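For reference, the structure is listed below as structure tokens.
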Amino acid sequence: MKILFFVGAMNAGGAERVAATLVNAWAARGDEVVLVPTHLGSSRSFYPINDNVRVHWLKQHLPALPLPSALRKWLGMRRVVRQEKPDVVLSFLTNVNVATLLSLRGLSVPVVVCERTNPAHATNVGRVLGWLRRRYYGTASAVCVQTSDAEKALRTMVQRLPAVVAIPNPLPNDIWHIQRQESVEKETPARVDALGRLVPAKGFSLLINAFAEVAEQRPDWHLYIHGEGPQRAELERQAELVGLKDRIHLPGRTEYPWHELAHSQIFVLSSQYEGFPNALLEAMALGLPCVTTDCPSGPADISQQGKDARLVPAGNKAAMAQALAELMDDRRLRGALGQRAAQSVRDRYALDVVLQQWDQVFKQVMQKE
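Residue numbers (my numbering): 1 to 369.
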């Protein structure tokens, strides 16, 4: 199978990492893969790309015509597809999806477009792009989202959609090489960890307040919030106000999140909303017992409605504090929940499992064409 994959850029980011994981896996198993970053800036990928993946930076294929930038880009995308003659075209992110659908009109190649956030909470889709999405998504062969919540939101926003399929992000194979030792439970201080950009949507203010509710009776526990962002000073002040500046740590962005989580006892996702919470998925894969808000979208799917993690209402400090206290106080419960979480996400989100879902979509759209 020959797959041509349009992405925006290949900078550091969740969508870009998933794109790299997919193209590398397809190339490794023998598919012919052409990756086309459409961003006209840097011609480098932050993530390693398999040598068997052919990378065409779109700016090298633009027509030398005095045309508006968007039109030149669309003509370049059309030119690449006509040259490569792929069996299927895949694209990530709303703006790239719209450009793909517009540029390939009239070509007899199946096109699968993928939303990478919950459309109900996307902040980067303006009025014009939103209108174009509503107008042209119906011309795609299939639309992929990451969660059932995102599927419901998209169906309410866009009429006359083709097949809509929820395919989650795969777990990178490298994560299985990280071993979380049983001796972690004896490390002091005991740790509650969270990961994410320091912005209000991540709910870290709520997490600090929930931790403060239970911290006095549990002096051996510390909270670590890994990340950077505009809310840092506010969160540092909050840690002082609750009297826990020595037990609430904001160490900044980590290059090695899995290694940090491997030394934690509990992971918390406190978000108000998510596109797809990779941090939660990866913490569960590492065998960490997790507390997560039931925010849109992803935590309910990943935790199997609270079976594999403690699922609490978004914005509910008391419920989060109670869930934290239960796990802090019961080592056996932490072990059992973490073990169940690791097996569950391996069964559902391992790379080979997710690749089978993509194969099914490709098979359906190619048969339809």
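Glycine residues also receive a C-beta, built at the ideal position from the N, C-alpha and C atoms.
Just so you know, these numbers come straight off a predicted model, no measurement behind them.
Boundaries (first-last residue) of the beta strand (DSSP E) holding residue i
i: V192; result: A190 to L195
i: Y224; result: W221 to H226
i: V365; result: It is not in any beta strand (DSSP E) - V365 instead sits in the alpha helix (DSSP H) that spans L351 to K368.
i: F267; result: I266 to L269
i: L311; result: R310 to V312
i: V112; result: V111 to C114
Enclosing alpha helix (DSSP H) for residue i [first to last residue]
i: T38; result: Element bounds for T38: n/a, residue is neither H nor E.
i: K2; result: Where K2 is concerned, there is no enclosing alpha helix (DSSP H), although the beta strand (DSSP E) it sits in stretches over K2 to V7.
i: V291; result: Here V291 belongs to no alpha helix (DSSP H); instead the beta strand (DSSP E) covers C290 to T293.
i: V80; result: S69 to E84
i: Q322; result: K317 to M328
i: L281; result: N278 to A285
i: D301; result: P299 to I302
DSSP-derived helix/strand/coil call for residue i
i: T254; result: coil
i: L337; result: helix
i: S91; result: strand
i: V242; result: coil
i: V53; result: coil
i: E216; result: coil
i: H263; result: coil
i: A234; result: Looking at the sequence provided, one finds Glu at residue 234 rather than Ala. The answer is helix: DSSP assigns E234 an H, G or I state.
i: E16; result: helix
i: V34; result: strand
Distance between residue j and residue i (C-alpha atoms, nearest Å)
i: N50; j: T293; result: 36 Å
i: D87; j: W176; result: 32 Å
i: E255; j: F46; result: 13 Å
i: A300; j: E84; result: 40 Å
i: D359; j: I3; result: 11 Å
i: V34; j: V113; result: 16 Å
i: V98; j: V145; result: 15 Å
i: V272; j: L241; result: With the sequence shown as reference, residue 272 is identified as Gln, and Val is not the correct amino acid for it. Their backbone Cα atoms lie some 23 Å apart in a straight line.
i: R78; j: P110; result: 13 Å
i: I248; j: P257; result: 18 Å
i: P219; j: N173; result: 37 Å
i: I167; j: F92; result: 13 Å
i: A318; j: A210; result: 7 Å
i: W74; j: L104; result: 8 Å
i: A194; j: G14; result: 17 Å
i: L207; j: R237; result: 14 Å
i: T117; j: G306; result: 22 Å
i: V55; j: S148; result: 32 Å
i: G126; j: L90; result: 23 Å
i: R133; j: R82; result: 24 Å
i: K245; j: F267; result: 20 Å
i: V70; j: S141; result: Strictly speaking, residue 70 in this sequence is Ala, with Val absent from that position. Straight-line Cα distance between these residues: approximately 23 Å.
i: T100; j: H121; result: 23 Å
i: W221; j: S297; result: 29 Å
i: T21; j: G287; result: 22 Å
i: L154; j: A19; result: 21 Å
i: L281; j: A64; result: 45 Å
i: S344; j: D308; result: 7 Å
i: H259; j: V143; result: 35 Å
i: S303; j: K59; result: 42 Å
CB-CB length for residue i against residue j, believed under 8 Å
i: P289; j: A341; result: 7 Å
i: P37; j: G8; result: 7 Å
i: L223; j: V184; result: So it is not a contact: roughly 16 Å between Cβ atoms.
i: V291; j: M320; result: 6 Å
i: G227; j: L269; result: Rounded, the Cβ-Cβ distance is 12 Å, inconsistent with contact.
i: A350; j: L102; result: Going by Cβ atoms, the distance from A350 to L102 rounds to 36 Å, so no, they are not a contact pair.
i: P233; j: L261; result: Just to set this straight, residue 233 is Ala in the shown sequence, not Pro. 26 Å between Cβ atoms; not a contact.
i: V96; j: F204; result: In fact, because the Cβ distance is near 31 Å, the residues do not count as touching under 8 Å.
i: W57; j: S43; result: 5 Å
i: G76; j: L62; result: 4 Å
i: Q231; j: P200; result: 6 Å
i: E115; j: A163; result: Actually they are not in contact, since the Cβ atoms of E115 and A163 sit about 14 Å apart, beyond 8 Å.
Segments assigned alpha helix (DSSP H), at least 4 residues, entirely inside the stretch 118-187 = 127-136 and 148-157
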